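A short write-up of the structure that comes next.
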Amino acid sequence: MIVVQQKPLDRIRQMIADYDKILILGCGTCATVSFAGGEKEVQALASILRMADKAKGGGKQFLEHTIKRQCEWEFVDEIEPMVKEVDAILSLGCGIGVQAIAQRFPDVPVLPGLDTCFMGLPQEHGLFSEMCAACGNCILDLTAGICPIARCSKSLLNGPCGGSHDGKCEVSPDLPCAWQLIIERLTKLGRLRELEDIKPPKDWSTSAAGGMRTIDRSDLRITSQDATPQGHEPN
Amino acid sequence: MKSKSKLEKLLESGHFAVTGELGPPPSADAEIIKKKAKYLKGCVDAVNVTDGQTAVARMASWAACLLGKEEGLEPTVQMTCRDRNRIALQMDILGVAALGINNILCLTGDHQSFGNHPMAKGVYDLDSIQLIKMVKDMRDEKKFQCGDEMDVEPRLFIGAAANPFADPFEYRVFRLAKKVAAGADFIQTQIIYNVEKFAKWMEAVREKGLHEKVKILAGVAPIKSVGAARYMQTRVPGMDVPDAVVERLRGVPKEEVSREGIKLCVDIINQIREIPGVAGIHLMAIEWEEVVPEIVEQVGLLPRPQLS
Amino acid sequence: MADNSLRPPCQAACPIQQDVRGYINLIAEGEFDEALRTIRKTNPLPSVCGLICAHPCETECRRGQVDQPLAIAALKRFATEYGHDDGAEPQTGAKRAEKVAIIGSGPAGLTAAHDLARMGYGVTVFERGTAPGGALRAFIPEYRLPGEVLQKDIERIVALGVEIKTNSELGKDFTLSELKNEGYSAVVLALGLHLSRGLNISGVELDGVLLALPFLREAKLGAGKTVSGKRVIVIGGGNVAVDVARSALRLGAGEVHMACLEARDEMPAFAWEIEAALEEGVKLHCSKGPKSILCSETEVAGLECMEVKAVFDEEGRFNPTFYEEKVSALDGDVVIIAIGQAAELSFLEDTTIKLNQRGQLVFDPDTLATSEEGVFACGEVISGPGTAVQAMASGRQAALAVDCYLRGEQMAAPQPDGRKDVGELLATTAEEIKRLERREMPALALKERMGNFNLIELGYTEIQAVKEAQRCLRCGAGAEYLEDKCAACLTCVRVCPYGAPVATIAGSIDIRADQCQSCGICIVECPARAIVFRQGEDSQIRERVEAAVTEASLSGAEPVVIGLCCSYGAFATSAFAEFFRDNYKPGIRIVKIPCVVKIDTTHLLKAFELGADGVFVVGCLEEDCPYRMSTFWAERRVAAVKKNLDEIGLGGDRLEMYTLSDPTVQKFDEIVTEVTTRVRQLAPSPMRNRREEA
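Same order as they appear, the protein sequences are chains V, E and F. In this text, residue positions in the first sequence follow the numbering used here: the first is 1, and each later residue adds one. In this text, residue positions in the second sequence follow the numbering used here: the first is 1001, and each later residue adds one. In this text, residue positions in the third sequence follow the numbering used here: the first is 2001, and each later residue adds one.
Shown next as structure tokens:
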């Protein structure tokens, strides 16, 4: 899932400073699971912002709404009647959501109430860690299911580096050394020899470094022509 | 001979090599290089010039190498994967070779969070093993990483780092073998203070016959102060400084600590020379280059052999 | 008010479908008046039931799987003693022209009368005895049901407009056709069973052989055959037999023995009555059949018994068989036969009311109609011996039947509750529930009971009652899952101390209603607001908090301080009631929260947003709370809001949480003083519009 975090309150207040009527828009998927932007967080933030505003003399109005996902046009369309009434939208969705709303409603400033941090999972309740870097060319079959791109601080393909100590990355004792984990698991699977092969330099063109990526699935796309049943004259 | 490197020649002729290290200044001051070079000239066979050590921005290694060469040193340029992508790396490799620098040390590089620009984007397009292979292919196949051919190849003597003290311990020799397979000609280890552990590592190395495929230079360094010892023990990634070492320095009066630190280094070198398979030492007296001559002398390695 | 609850086993087991869960939880929160109102909605004889009900609800109570079932009857009694109602009964229907005659004022007749009066009919109850109440008045001993308690309930029914005519016996003082001529449009025969069955064995004609019902009647009237100093043998194993035995003891019998056909666990008498009898010294002889009454000259000398082989046959019918050669004898001076009661219906022989070959009333099981048009029957006269609450249910059915008849409508099939029934409590869930011992009913000591017929059970005190009521698991009234809002974050699965929510393979969550303990942790923690309380407690709390701040602000007093206080345990007693009152202190409102674990961060934030200068939370110590993890969650949420308040410059010291152990009134008062003093020193909240600015 996409793991997100609410921006510090000061930063949010800074962003909304110039606007009077603001829609705080939550997202019912990743932002909810991240405890950062679900309906409950929207409620809490609205209360806090109202109080912060009133303490400074007031004048702002905050609307609250949550949609199932901010990355689907049909759900985003839901807010159209509200958008007419507000000066700005404070999105508590991930960066994708913020941009979708901005794209759909280009006349209204859309502000990011969250930082989109990484793709990861809760290792335990409340503890999220990054797992995938979306490099676009998954080699988890070669690394026993542990991603060196996302979980090695240097994204080594022939790790570990000389800084691995006690199973931890040199960057922080809280970070496990991904290559240590890979070696341990391959050893357990009896496949350590596979690491003898030198993995060649990675093709980074499929990752974010290659530029904005698009997937065009012609087998899924629905055009207006496709909507017309076979054998009928289109109008 | 793979290159015009004096170090290569020396090692190939079976001499016990001594390499040194020189850290460039965090400024455009060329004089410092010249000053340091003076201490090292004649007591070591080649000089590593560090490249953004601990992710701190300093004068580029290749530039300091050139300055050092002008002072009569045999420089070893260091290149990390942290700061340059494969395009920049190949450009710099061609450049240093054209400038007559004969030795290159291929490193992954300390993570940018350690240095004075922790917000910088770490590049890591390649890792150290891929870099070694890339240099080897440039030299021996005359090919760029993408497969394109070149007319005049960089004839460099390729070095890599090894850390007998990093984890996982069992895997270290495995990784060394990988570096050898990638094309490493010589190895410089992390600074050794735990001789016992190093000896164990050498045992595993010899078992695999790697000491015959690659020249291993043991890293050593004198310690200036108790504080320096503690710093290395706790703050430098991949270093193993036994408590006994720190205690040894603590056991002498403050004004004698640096002297003791030199003695310590000499003792360690002597112990290391007893270990079969070690082809030389890599003496790192960072910011203390002036003590290099006396250390090399005390271990009986002066004068350095001069080969034609 | 939303109610998506499941039907709890207590309500399902009750013949009159009392909202047990409802009134128990009202008692737990100190709402004794509302509890009594809830009871009275479906029970016209609550004081009686509180003392003598068979309480099948307690048998089904799922708390029994954890430690002991709730003392539901005792709590009902408590509500009748501590709850006040204004005496007015809501009429459910407009006044109707017809009048109905009820023959018999036992529990069946009284319930039929009550229901019909509520529906708007004119009702007259004809009671042949000198005082109304049927068997409740005539036979049930005073130490179980004092006459004045019964009278309290009867007076309430009379206040509805029901007329009770005593000393009026059908077949003697008036006939059915006379009733018709007097304009009664329907008659309900609630005659009960007033004939004590006899035994056809040798010796029954002796002087010292008595029948149970007359003996009990005389014991109640204070007159009759003395058993003082005598050895008494009671034949029978039912409640009447136990009543006879225990009454005999109180009348001074030297020894009292009970001989019954049944084995101990087969005896039809209430288990708790049997235990009390044994405690009081009655000697029990099970599996003994009466063979003959032994005599010496003309006096009773004892009872000859035979060993019982089996009481019931293969089809479960009452069909006792004996080892006729295994004979024993019990010595005794008096033998009282308490083997069952029968209906006195001989007077109907000359009427058109049909009886079957066994002399029992012929009736339609759905409409309770007899063969005579407009004449219905209910209670033990048609069901045979049963409990008072069963008779009440029958009376209720008769009232419905009469109503349908008088309106010319078909009697509809009984409306099902419509809710799903609560299922099984898994052992794995029961293990996670904190053990809380059932509060013992204070009772007269054994020696205090003898020589008098004083009511034995003394009734719960307030603190006993509220603590006992707090043990209720609130079966079926817990968390409800809203699938369309769920983000499948699994928080509910992880935070529930009881393991009630489970993730299904399909990816949705099943918050198993049968396992949910209604604590509310998941409801607050759910980031998608996809879980609500089945009976809307979450919205209620929100509304209460908002209303409290609004009202306190309106008073104009400063500072405005809201306290969110647990409403259970000692907080539910009347000593605490003053704190919850609207006029407790100007500017200060204490809001009842059924366990502080239900407090959300947004409740606290809203309170401040609406203008509270200060908010405090008072909960119980973790070890005193029946729920688990309540203090942990409440403290965490309070800490989070304190941080928020600091961030916006309002100041986290406006909010504080306290825990009180078995709180005393003074401690709470100290907290209120401390909070108010502290808050007064802070600047007034900028959230509230000051009067001057308004």
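Even for Gly, the Cβ is constructed at its ideal location relative to N, Cα and C. For clarity, every value in this text was computed on a predicted model and none was experimentally measured.
Min CB distance Lys-154(V) to chain E below 9 Å | Working through the first sequence from its first residue, we reach residue 154(V) at position 154. Taking Cβ atoms only, chain E reaches closer than 9 Å to Lys-154(V), which makes this a yes.
Selection from Ile-1132(E), Leu-1156(E), Gly-1115(E), Arg-1058(E) that minimises the alpha carbon distance to Asn-1103(E) | Sequence index remark: in the second sequence, residue 1103(E) carries index 103 (1-based). The shortest Cα separation from Asn-1103(E) among Ile-1132(E), Leu-1156(E), Gly-1115(E), Arg-1058(E) belongs to Leu-1156(E).
Taking Met-51(V) as the query, report the chain F residues whose CB atoms sit under 7 Å from its CB, ordered along the chain.
-> What you label residue 51(V) is simply residue 51 of the first sequence in a count that begins at 1. Phe-2608, Glu-2609, Ile-2648, Leu-2650, Met-2687, listed in chain order.
Closer than 7 Å by beta-carbon distance: list the chain V residues that pair up with Cys-2489(F), in chain order.
-> As a position in the third sequence, residue 2489(F) is number 489, starting the count at 1. Correct list: Thr-32, Val-33.
Beta carbon of Ala-1177(E) nearer than 9 Å to that of Ala-1160(E) | Within the second sequence, residue 1177(E) is the residue found at index 177, counting from 1. Within the second sequence, residue 1160(E) is the residue found at index 160, counting from 1. No, these two residues do not count as a Cβ contact at 9 Å.
So, helix, strand or coil for Ser-2518(F), using DSSP?
-> For the purposes of this step, residue 2518(F) is identified with residue 518 of the third sequence, where counting begins at 1. DSSP places Ser-2518(F) in coil when its eight states are reduced to three.
Counted within 10 angstroms of its Cβ, other Cβ atoms place Trp-73(V) as buried (16 or more) or exposed | Within the first sequence, residue 73(V) is the residue found at index 73, counting from 1. It counts as exposed.
Under 9 Å (Cβ pairs) to chain V, residues found in the segment 1145-1167 of chain E | Gln-1145, Ala-1161, Ala-1162, Asn-1163, Phe-1165, Ala-1166, Asp-1167
Which of the three DSSP states, helix, strand or coil, is assigned to Ser-129(V)?
-> Translated into the one-based positions of the first sequence, residue 129(V) becomes position 129. In the structure shown, Ser-129(V) adopts extended strand secondary structure according to DSSP, grouped into three states.
Counting along the chain, where does the beta strand (DSSP E) carrying Ile-2353(F) start and finish?
-> Counted from its first residue, the third sequence places residue 2353(F) at position 353. Counting along the chain, Ile-2353(F) falls outside any beta strand (DSSP E), and DSSP gives it neither H nor E.
Determine, using beta carbons only, whether Asn-2004(F) comes closer than 9 Å to chain V.
-> The residue labelled residue 2004(F) in the question sits at position 4 within the third sequence. It does not; no Cβ of chain V falls within 9 Å.
At what residues does the beta strand (DSSP E) containing Phe-2322(F) begin and finish?
-> In the third sequence, counting from the first residue as 1, residue 2322(F) sits at position 322. Note, Phe-2322(F): beta strand (DSSP E), 2318-2331.
Since Ile-48(V) meets chain F, which of its residues come closer than 7 Å, beta carbon to beta carbon?
-> Here the question's residue 48(V) lines up with position 48 in the first sequence. Those within 7 Å of Ile-48(V) in chain F are Leu-2605, Asn-2644, Ile-2648.
Quick one: list the residues of chain E neighbouring Gly-162(V), beta-carbon separation under 8 Å, in chain order.
-> Taking the first sequence and counting its residues from 1, one reaches residue 162(V) at position 162. The answer, in chain order, is Thr-1108, Ala-1161, Ala-1162, Asn-1163, Ala-1166, Gln-1190, Pro-1237, Gly-1238.
What is the rounded straight-line gap between the Cα of Met-2411(F) and the Cα of Ile-2562(F)?
-> Translated into positions along the third sequence, residue 2411(F) becomes position 411. Translated into positions along the third sequence, residue 2562(F) becomes position 562. Using only the alpha carbons, I get a separation of about 54 Å.
Take the Cβ of Phe-1169(E) as the centre, count every other Cβ of all protein chains shown within 10 Å, and call the residue buried at 16 or more, exposed below.
-> The residue labelled residue 1169(E) in the question sits at position 169 within the second sequence. Answer is exposed; the Cβ neighbour count stays below 16.
According to DSSP, which residues form a beta bridge with Asp-2173(F)?
-> Counting from 1 along the third sequence, the entry for residue 2173(F) is found at position 173. DSSP lists no partner for Asp-2173(F).
Mind listing the chain F neighbours of Gly-38(V)? Cutoff is C-beta to C-beta under 8 Å, in chain order.
-> Walking along the first sequence from the start, residue 38(V) turns up at place 38. The contacting residues are Ala-2487, Pro-2527, Ala-2528, Arg-2529.
Evaluate the contact criterion for the segment 129-147 of chain V versus the segment 105-115 of chain V: three or more CB pairs, one atom per stretch, below 8 Å.
-> no
Write down every uninterrupted run of the beta strand (DSSP E) in the segment 1090-1140 of chain E whose length is 3 residues or greater and which is fully enclosed by it, in chain order.
-> Complete beta strand (DSSP E) runs here, min 3: 1103-1107.
Asp-112(V) bridges to which residues according to DSSP?
-> Here residue 112(V) refers to the residue found at position 112 of the first sequence. According to the sequence shown, residue 112(V) is Pro rather than Asp. The secondary-structure analysis by DSSP pairs Pro-112(V) across a beta bridge with Ser-91(V).
Going along the segment 128-144 of chain V in order, which residues come within less than 7 Å of chain E, judged by CB to CB distance?
-> none
Just to confirm, are Leu-1007(E) and Gly-1068(E) a CB contact at a threshold of 9 Å?
-> Reading the second sequence from its first residue, position 7 is the one you call residue 1007(E). Reading the second sequence from its first residue, position 68 is the one you call residue 1068(E). In this structure, Gly-1068(E) does not lie closer than 9 Å to Leu-1007(E) by Cβ.
Can you list the residues of chain F that Gly-28(V) reaches, using a CB-CB cut of under 7 Å?
-> The count along the first sequence starts at 1 and reaches residue 28(V) at position 28. Simply Lys-2485, Ala-2487, Ala-2528.
Could you pull the start and end residues of the beta strand (DSSP E) that Phe-2126(F) belongs to?
-> Start at 1 with the first residue of the third sequence, and residue 2126(F) comes out as number 126. Segment 2122-2126, the beta strand (DSSP E) holding Phe-2126(F).
Sequence-distant residues of its chain with Cβ nearer than 6 Å to Arg-2688(F) (five each side left out) | For the purposes of this step, residue 2688(F) is taken as residue 688 along the third sequence, with counting starting at 1. Result list for Arg-2688(F): Ser-2553, Gly-2611, in chain order.
Examine the Cβ distances between the segment 2604-2621 of chain F and the segment 2522-2539 of chain F and report whether three or more of them are shorter than 8 Å.
-> Not touching, per the Cβ criterion.
Positions along the segment 1111-1138 of chain E whose CB lies within less than 8 Å of some CB in chain V | His-1111, Ser-1113, Phe-1114, Gly-1122, Tyr-1124, Asp-1125, Leu-1126, Asp-1127, Ser-1128, Ile-1129, Gln-1130, Lys-1133, Met-1134
Range covered by the alpha helix (DSSP H) that runs through Arg-1172(E) = Here residue 1172(E) corresponds to residue number 172 of the second sequence, with the count starting at 1. Residues 1169-1182.
My understanding is that Val-1047(E) touches Thr-1019(E), with C-beta atoms under 8 Å, so please give their C-beta distance in whole angstroms.
-> Numbered from 1 along the second sequence, position 47 holds the residue referred to as residue 1047(E). Numbered from 1 along the second sequence, position 19 holds the residue referred to as residue 1019(E). So it is a contact: roughly 7 Å between Cβ atoms.
Looking at the C-beta of Cys-1081(E), does it have a partner C-beta in chain V at a distance below 9 Å?
-> Along the second sequence, read from residue 1 onward, the residue named residue 1081(E) stands at position 81. Interface residue, yes.
So which residues of chain F does Leu-114(V) contact, with C-beta pairs closer than 7 Å?
-> Here residue 114(V) is taken as the residue at index 114 of the first sequence, counted from 1. Those do not exist, as Leu-114(V) stays about 13 Å from chain F at its closest Cβ, beyond 7 Å.
With 9 Å set as the bound, which would you pick, yes or no: does the beta-carbon of Tyr-1171(E) sit closer than that to a beta-carbon of chain B?
-> Chain labels in this structure do not include chain B; the protein chains are V, E and F.
Report the partner residues of Cys-2295(F) according to the DSSP bridge assignment.
-> Here the question's residue 2295(F) lines up with position 295 in the third sequence. In DSSP, Cys-2295(F) forms a bridge with Val-2300(F).
Please list the partners that Val-237(V) has in chain E, where partner means a Cβ-to-Cβ separation under 9 Å.
-> Because residue 237(V) is not part of the residues shown, which for chain V are 1 to 235, the question remains open.
Three-state class that DSSP yields for Met-1001(E) in the structure shown = Looking up residue 1001(E) in the second sequence gives position 1. In the structure shown, Met-1001(E) sits in coil (DSSP, three-state: anything other than H, G, I, E or B).
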